[in-house]
Amino acid sequence: VIAAVQSETQNAVKHADQGEVLVKHGVELVEKAGQSLLQINAGAQQTNNVIENIASAAAQGSEDSQQINSQIDKISQMAKDRAEISEQISQTAEQLALLSGRLKTTVDKFQV
Numbered sequence: 078v079i080a081a082v083q084s085e086t087q088n089a090v091k092h093a094d095q096g097e098v099l100v101k102h103g104v105e106l107v108e109k110a111g112q113s114l115l116q117i118n119a120g121a122q123q124t125n126n127v128i129e130n131i132a133s134a135a136a137q138g139s140e141d142s143q144q145i146n147s148q149i150d151k152i153s154q155m156a157k158d159r160a161e162i163s164e165q166i167s168q169t170a171e172q173l174a175l176l177s178g179r180l181k182t183t184v185d186k187f188q189v
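According to this note's numbering, the sequence shown is numbered sequentially starting from 78.
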């Protein structure tokens with residue numbers, strides 16, 4: 078009976094030792110998994126930062142494009158205004174030429 082108890086005790090100790098080894102191995106695996114998760118989290122954070130930078134740059138580019146388009150519209154309007162003014166000056170010059178011709182004709186009549 079004592080031998081059987083000793084044998085069972087030795088088996089229990091042997092299984093406990095094997096269980097301890099398995100638990101230590103499990104702890105190591107969990108620690109490695111934790112480190113991997115930390116690395117994955119850091120990588121995800123870096124990716125998120127890159128995406129935010131790209132989004133910010135795209136927004137800035139869009140804003141710059143809108144400002145450029147606005148300036149082009151202003152330049153176009155200024156060119157139209159200048160064309161209208163040039164047309165008015167041309168018409169005024171023609172009228173002045175006509176008036177000058179009439180004035181010359183009138184002055185010539187008095188010089189006769």
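We treat Cβ as the ideally placed atom computed from N, Cα and C, and that holds for glycine.
Every value quoted in this text rests on a predicted model; they were computed, and no experiment measured them.
Alpha carbon of residue i to alpha carbon of residue j, nearest angstrom
| i | j | result |
| --- | --- | --- |
| I149 | R159 | 15 Å |
| S183 | S177 | According to the sequence shown, residue 183 is Thr rather than Ser. Each residue's alpha carbon lies about 10 Å from the other. |
| S142 | V127 | 22 Å |
| Q122 | S133 | 16 Å |
| E164 | S147 | 26 Å |
| I105 | K91 | Checking the sequence, you will find Glu at residue 105 rather than Ile. Straight-line Cα distance between these residues: approximately 21 Å. |
| L175 | Q168 | 11 Å |
| V78 | E85 | 11 Å |
| S139 | H102 | 55 Å |
Reduced DSSP secondary structure (H/G/I, E/B, other) of residue i
| i | result |
| --- | --- |
| V78 | coil |
| M137 | Per the sequence shown, the amino acid found at residue 137 is Gln instead of Met. Helix, per DSSP. |
| H122 | First, the amino acid is wrong: residue 122 is Gln here, not His. Note: Q122 maps to helix in three-state DSSP. |
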